[in-house]
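Numbering (our numbering), first residue to last: 95 to 408.
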Amino acid sequence: MTMELVRYLIEPRRWTTLPGRWEGVFGRRAPLAVEIGFGNGEFLVQAARQHPDWDLLGFELSLTCIAKAASRLAREGLANVRLARVDGRFALRELFPDRSLTQVYVHFPCPWPKARHARRRLITPDFARTLAAVLEIGGGFELNTDAQWYAYQAREALEAEGRFLVRGPWALEGKGPGTRYERKWLGQGRKIFRVWAELRLPGSVERIAEGDMPHARVNVEVSREALLSLAGLKESWPGGAFMIKEVFLSPGGERALARAFSTDEGFEQHYLIALEKGWGGWLVKLDGAAVPFRTPAVKRSVAAVAAALEGKGP
């Protein structure tokens, strides 16, 4: 990991308390702003310069983009920005307390035009509900997109929440957010459309990533074959699911790692469940090498592994 990443990258999955305590992250209490999908970090740099009294968080899934953004921030010597590799929809809901954000920006998200991909779109009724919870009264949301139909759909989702004053979409005549995609689309002769929303009435949202780190003890003897047979263990329910993909054993058979996958309302995670033999039985817990957020599906997978081992004892 480069020094730039060490300076700017945060790991919310390892936090013991959610939502986050942002005063501790930045070392001060200041207005908070978020950009979801920051690309190469061009807009974050601009915003950090323009608002030195703000603290900014950027969420992105691409490691390449995160590394480029960190290098850009380091060159500018900016101290009021942090980056995280977390799905922005999940981060907005789980990492920020109610009425804690001044501004949320989204620039050129993938519109997912096909009907069968509609659930992948960022701005949905669920997103609007989260936005209404985490924005402060008078806080703003800005969307820039080259897809006019998507801008209208975003407006509909925000208006349906009933808590926002929504303006737009309108075609930008001057400079937009100044990102690589803006330059690309303008170079192809496309128009850029903006939607703006201001929160007027506070909302609330249910959060799912909380509680203690899940673990369980299994007080039975378990064979190597029983450990290996955990592969394929799965469960699904409305809104969630998990599956144990494969199991790895140590040479002596006193430790195992189960590679797991889970989804909670579309938020997917890959992680490892550690099984360690001790006095009188086995400890089942999340492995520290790939710590997931403690969502209901993750907790359920740990409990299910322990229950399966209990049933495989002598």
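Think of the CB as a built atom: it goes at the ideal place given N, C-alpha and C, for glycine as much as any other residue.
Which of the three DSSP states is assigned to residue i in this structure?
i: Pro-390; result: helix
i: Pro-263; result: strand
i: Lys-162; result: helix
i: Leu-403; result: helix
i: Lys-328; result: strand
i: Lys-285; result: coil
i: Arg-210; result: helix
i: Trp-373; result: coil
i: Ala-168; result: helix
i: Ala-310; result: strand
i: Glu-300; result: coil
i: Gly-360; result: coil
i: Phe-190; result: coil
i: Leu-112; result: coil
i: Glu-292; result: strand
i: Arg-61; result: Residue 61 cannot be examined here, being either before or after the span of the chain that is shown, 95 to 408.
i: Arg-249; result: helix
i: Val-119; result: helix
i: Phe-137; result: helix
i: Arg-274; result: helix
i: Arg-107; result: helix
State buried or exposed for residue i, treating a residue as buried only when at least 16 other CB atoms are found within 10 Å of its CB.
i: Ile-130; result: buried
i: Ser-425; result: The question about residue 425 has no answer, for the chain in this structure spans 95 to 408.
i: Glu-276; result: buried
i: Ala-209; result: exposed
i: Ser-395; result: buried
i: Gln-144; result: exposed
i: Leu-295; result: exposed
i: Gln-197; result: buried
i: Thr-224; result: buried
i: Lys-393; result: buried
i: Pro-106; result: buried
i: Arg-257; result: buried
Alpha carbon to alpha carbon, what distance is there between residue j and residue i?
i: Arg-123; j: Asp-149; result: 9 Å
i: Ala-303; j: Leu-195; result: 19 Å
i: Asp-358; j: Gly-233; result: 28 Å
i: Ile-217; j: Asn-134; result: 21 Å
i: Ala-368; j: Leu-322; result: 13 Å
i: Lys-328; j: Arg-183; result: 25 Å
i: His-201; j: Ala-400; result: 44 Å
i: Leu-126; j: Tyr-244; result: 27 Å
i: Phe-137; j: Tyr-102; result: 16 Å
i: Gly-121; j: Leu-167; result: 18 Å
i: Asp-240; j: Ile-286; result: 5 Å
i: Thr-111; j: Val-119; result: 13 Å
i: Gly-272; j: Arg-115; result: 30 Å
i: Arg-62; j: Lys-371; result: Because residue 62 is not part of the residues shown, which for the chain are 95 to 408, the question remains open.
i: Ala-291; j: Phe-235; result: 5 Å
i: Glu-362; j: Ala-142; result: 31 Å
i: Leu-418; j: Leu-366; result: Nothing can be reported for residue 418, as the shown portion of the chain is limited to 95 through 408.
i: Pro-408; j: Arg-388; result: Unreliable placement is indicated for Pro-408, whose pLDDT of 48 sits below 50; the coordinate value is still reported in the next sentence. Using only the alpha carbons, I get a separation of about 31 Å.
i: Ala-310; j: Asn-174; result: 40 Å
i: Lys-269; j: Ala-391; result: 44 Å
i: Ala-397; j: Ser-298; result: 30 Å
i: Met-97; j: Ala-383; result: 21 Å
Using 8 Å for Cβ pairs, my map puts residue i next to residue j. What's the rounded Cβ distance?
i: Ala-251; j: Pro-219; result: 5 Å
i: Glu-230; j: Pro-113; result: Not a contact, Cβ separation roughly 14 Å.
i: Val-139; j: Phe-190; result: Not a contact, Cβ separation roughly 22 Å.
i: Leu-237; j: Arg-301; result: With a Cβ gap of about 24 Å, Leu-237 and Arg-301 do not count as contacting.
i: Val-316; j: Leu-403; result: 5 Å
i: Ile-104; j: Arg-169; result: With a Cβ gap of about 20 Å, Ile-104 and Arg-169 do not count as contacting.
i: Lys-339; j: Arg-353; result: 5 Å
i: Arg-213; j: Pro-205; result: Arg-213 to Pro-205, Cβ: 13 Å. No contact.
* Taking three-plus beta-carbon pairs below 8 Å as touching, is the region 259–270 in contact with the region 333–342? -> Proximity of the region 259–270 to the region 333–342 falls short of the contact definition, fewer than three beta-carbon pairs being nearer than 8 Å.
* To do: Flag this pair as touching only if the region 163–178 and the region 135–154 have three or more C-beta atom pairs under 8 Å; answer yes or no.
  => Of all C-beta pairs linking the region 163–178 to the region 135–154, three or more are shorter than 8 Å, placing the two stretches in contact.
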